[in-house]
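Participant:
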Amino acid sequence: AQDPATRRIWYGIATAHDLEAHDGMTEEKLYQKIFASHFGHLAIIFLWTSGNLFHVAWQGNFEKWVLNPLKVKPIAHSIWDPHFGQSALKAFSKGNNYPVNIAFSGVYQWWYTIGLRTNQELYQGAIGLLLLSCILLFSGWLHLQPKFRPSLSWFKNNESRLNHHLSGLLGTSSLAWTGHLIHVALPASRGIKVRWNNFLTVPPHPAGLKPFFTGNWTIYAENPDSVNHVYGTSEGAGTAILTFLGGFHPQSQSLWLSDIAHHQLAIAVVFIIA
């Protein structure tokens, strides 16, 4: 054959991202294609994270694990292997249970830390990220249409692009994550469940917003969790939401959650001002 299908397909795959070698490529078109591809990259990332949430909710043991994180091993997913039949079940598993892969990625610990507790919440997160992935794919397609293609001068405006990435993306996203840590994750670590139905009625700090508006911000750092705090309960819990304790928690060997919230807030302020 003059042009074998295999060669044509593999050549198309190999040169798909060699944008400068494409026919009729100009500097403006190059910028436009790279810009649109960023939406596709983000869509893949959020689709992947959505899959992690979905598979753990479907085949994992998250709800059992959160009841005793130190003793229960987290399950990543079941092993679906046709060669792992009844004889293998009897030899390698207890009670003829189907085998599973243990999760070593740390996603269980991360989701537990940020306040997730049930499979329903994992499914909701998976659906939300899936919808976000679809929106990003649509955005990538939209910015390739003639009416919505950014001009070359738009790409060359370095000051606006820098402001967009520093303030718009890094600043606001860090501020949003700080809000989640303060309003959801910290209360969950102290045995208080905060969701959309009680988000406005459960204040993250007993003093409310008065210290913020009066400039007495040190109140938010007073009364941190004790070293004997049992995570997920009120035993040994404090009320501080923004601290600078430093070091690691002596029991979990992890960073203090209130320190992380303070760190994220500082990053948000710096980038928004920058």
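Quick note: the sequence shown uses the working numbering, first residue 119, plus one each step.
Positions of the beta carbon are idealized from the N, C-alpha and C atoms, including for glycine.
1) What three-state label does DSSP hand Leu188 in the structure shown?
2) How many Å lie between Lys306 and Gly350 at the Cα?
3) Does the Cβ of Tyr226 have 16 or more other Cβ atoms within 10 Å, making it buried, or fewer, making it exposed?
4) Could you give the distance in angstroms between the alpha-carbon of His156 and the alpha-carbon of Gly258?
5) Here's the rule: buried if 16 or more other CB atoms are within 10 angstroms of the residue's CB, otherwise exposed. What is Pro322?
6) For the alpha helix (DSSP H) that His298 lies in, which residues bound it at each end?
7) Is it buried or exposed for Arg308, if we count other Cβ within 10 angstroms and need 16 for buried?
8) Exposed or buried, which one is Ile193 when buried takes at least 16 other CB atoms within 10 Å?
9) Just how far apart, CA to CA, sit Leu137 and Tyr149?
10) What is the rounded straight-line gap between the Cα of Ile385 and the Cα of Ile245?
11) I'd like the list of long-range same chain contacts for Ile127, defined as Cβ closer than 8 Å, with 5 residues on each side in sequence excluded.
12) Which of helix, strand or coil does DSSP assign to Asn315?
Facilitator: According to the structure data:
1) In the three-state reduction of the DSSP assignment, Leu188 falls in the coil class, being assigned neither a helical nor a strand state.
2) Looking at the sequence shown, residue 306 is not Lys but Ala. Computed Cα separation, rounded: 6 Å.
3) Residue environment: Tyr226 is assigned as buried (16 or more neighbouring CB atoms within 10 Å of its CB, all protein chains considered).
4) Near 7 Å, if we compare the C-alpha coordinates of Gly258 and His156.
5) By the neighbour-count rule (16 or more Cβ atoms within 10 Å), Pro322 is buried.
6) Here the alpha helix (DSSP H) through His298 covers 290-298.
7) By the 16-neighbour rule on beta-carbons within 10 angstroms, Arg308 is buried.
8) Flag for Ile193 reads buried.
9) Taking the straight line joining both Cα atoms gives about 10 Å.
10) Rounded to the nearest angstrom, the two C-alpha atoms are 29 Å apart.
11) None.
12) In the three-state scheme derived from DSSP, where H, G and I count as helix and E and B as strand, Asn315 is classed as coil.
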